[in-house]
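Colleague: Residue numbers (our numbering): 201 to 426.
(1) Taking residue 247 as part of the alpha helix (DSSP H), name the residues at either end of that continuous run.
(2) Pull up the DSSP beta-bridge partners for residue 376, would you.
(3) Of the choices 423, 264 and 310, whose alpha-carbon is the least far from that of residue 322?
(4) DSSP on residue 298, reduced to helix/strand/coil?
(5) Let me check understanding here. Comparing Cα to Cα, which of 239, 334 and 271 lies closest to residue 385?
(6) Could you tell me which of 343, 301 and 217 sits nearest to residue 381, measuring between CA atoms?
(7) What I want to know is whether the C-beta of residue 371 ends up closer than 7 Å to one or more non-hydrogen atoms of the ligand GDP.
(8) Leaving aside the five residues before and after residue 423 along the sequence, list all residues of the same chain whose C-beta is less than 6 Å from its C-beta, in chain order.
(9) In three-state DSSP terms, what is residue 202?
(10) Could you pull out every residue in the same chain whose Cβ sits closer than 6 Å to the Cβ of residue 224, ignoring the five residues on either side in sequence?
(11) Less than 8 Å between the CB atoms is what I'm expecting for residue 269 and residue 290, so what's the real figure, rounded?
(12) Indicate the three-state DSSP secondary structure (helix, strand or coil) for residue 268 in the structure shown.
(13) Which residues share a DSSP beta bridge with residue 211?
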């Protein structure tokens with residue numbers, strides 16, 4: 201599979217057979233997104249996933265789905281909140297526990313601990329690929345005990361880990377505690393930093409994560425194959 205970090209929490213993930221999925225496409229107003237990747241015409245996803253309604257996650261999802269005719273996957277209440285902005289056939293309203301079949305990828309909807317009012321609860325997504333591997337996009341979340349069940353059910357190989365936007369906050373430490381306590385990933389990719397004022401830097405985060413070889417820092421616009 202190929203994973204491209206588009207900055208902040210935005211990722212493009214392409215399966216081995218070519219299924220193109222974009223998650224949390226905060227792009228045109230994202231200062232961390234490279235200029236050439238702010239143009240929505242650059243993208244041709246089959247599915248656009250939104251973890252919650254905050255602007256730095258919902259971002260350009262509606263417009264991107266319109267342009268590409270992609271299916272927009274989001275919590276059912278967010279679907280209702282945005283009713284009329286996108287043709288009904290392009291919405292896939294979901295709730296925790298649902299599974300969406302996206303070509304050769306199964307998209308599992310899992311809990312997250314954050315805010316998203318007034319448009320429903322926040323979620324994360326586990327993308328399960330045909331070869332048995334899975335990628336867990338945590339969305340925007342604090343540590344919570346049911347992460348143990350996500351590990352038990354899905355065994356994510358790759359975790360896209362939000363580390364918080366504020367350099368002096370506790371999110372990096374809590375995010376790393378969640379990974380080390382509840383999960384057994386092969387790869388951990390830090391996200392949700394570097395775009396907003398006062399955000400943590402890669403240097404800040406390396407002090408928290410140490411030299412753990414599983415941690416893979418990416419640059420906005422960079423693509424890695426796994």
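Cβ atoms here follow ideal geometry from the backbone N, Cα and C, with glycine treated the same way.
None of the values given here were measured: they were computed from a predicted structure.
Modeller: Straight from the coordinates:
(1) No alpha helix (DSSP H) contains residue 247, which is instead part of the beta strand (DSSP E) from 247-249.
(2) Answer by DSSP bridge pairing: none, since residue 376 is not bridged.
(3) For the residues 423, 264 and 310, the minimum Cα distance to residue 322 belongs to 310.
(4) coil
(5) It is 334.
(6) 343
(7) In the structure on display, the ligand GDP does not appear, and there are no ligands present to speak of.
(8) For residue 423, where only same-chain residues beyond five positions count, the Cβ hits under 6 Å are 202 and 204.
(9) strand
(10) Short of 6 Å from the beta carbon of residue 224, and not among the five residues preceding or following it, lie these beta carbons of its own chain, in chain order: 209, 210, 251 and 257.
(11) 7 Å
(12) helix
(13) Residue 211 pairs with 205 and 223.
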